[in-house]
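A short worksheet on the structure shown next.
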Amino acid sequence: MYLKIISIKNVHDEQEGDLSIFEGSGRDLPFDIKRIYYIHHVPVGTVRGGHAHKHLTQLLWCPYGSITILLDDGSEKAEVQLNDPTKGLIVEHAMWREMRWEQEGSVLCVAASEFYDESDYIRDYAAFQAYVKQQAKLP
Ligand code: T46
Numbered sequence: 018m019y020l021k022i023i024s025i026k027n028v029h030d031e032q033e034g035d036l037s038i039f040e041g042s043g044r045d046l047p048f049d050i051k052r053i054y055y056i057h058h059v060p061v062g063t064v065r066g067g068h069a070h071k072h073l074t075q076l077l078w079c080p081y082g083s084i085t086i087l088l089d090d091g092s093e094k095a096e097v098q099l100n101d102p103t104k105g106l107i108v109e110h111a112m113w114r115e116m117r118w119e120q121e122g123s124v125l126c127v128a129a130s131e132f133y134d135e136s137d138y139i140r141d142y143a144a145f146q147a148y149v150k151q152q153a154k155l156p
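Reading the sequence shown from the start, the letters are residues 18 to 156 in this note's numbering.
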């Protein structure tokens with residue numbers, strides 16, 4: 018599976034530390050950001066997610082800690098470790114995802130291409146597989 022991992026620009030200062038930044042509107046991300054959310058205070062070992070999106074594209078990054086992202090496009094599976102504040106993972110639509118918390122205090126940040134819409138979620142794995150098959154048949 019082709020993984021879209023980006024390097025987030027980082028300004029390092031020996032005395033004052035680091036400042037990391039990315040910009041939307043086609044500069045650093047291939048989409049305009051309509052929503053930002055972050056997931057925190059998650060007990061180690063917890064697996065969240067377990068769904069796909071019909072249209073949403075997102076950038077996931079972990080400013081602190083370590084989180085494993087498990088991706089499944091319906092035919093292939095892959096795992097990505099987010100444990101570097103300057104590394105981001107773009108997760109496209111039609112991708113089943115799970116997120117496993119590996120380290121206490123880990124924070125998952127997400128920049129999303131769309132506003133929140135529960136009807137964009139596919140929360141059942143069999144329905145996801147049927148959706149991927151149906152999309153593959155479309156011209
Ligand atoms: C995703 C992964 C990486 C809202 O009300 N507004 C929002 O913008 C979001 C994202 C969630 N919610 C509500 C919906 C649920 O009642 O928050 C609750 C928890 O959401 P969910 O169980 O979908 O959370 P995760 O951690 O399983 O998944 C989230 C995103 O929902 C999802 O789009 O890709 O993070």
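Even glycine gets a Cβ: it sits at the ideal position worked out from N, Cα and C.
- At least one heavy atom of ligand 1 lies closer than 8 Å to the C-beta of Y138.
- Straight through space, the alpha carbons of S37 and T85 are spaced by roughly 21 Å.
- E135 sits in a helix when the DSSP states are folded into three classes.
- The stretch 48-65 makes contact with the stretch 113-129, as at least three CB pairs between them are under 8 Å.
- With respect to the C-alpha of G41, the residue from Y138, K150, S130 having the closest C-alpha is S130.
- Per DSSP, the unbroken beta strand (DSSP E) holding V108 starts and ends at 104-108.
- Rounded to whole angstroms, the separation of the alpha carbons of D134 and S24 is 28 Å.
- With distances taken between CA atoms, Q75 lies nearest to C126 out of C126, Q151, Y142.
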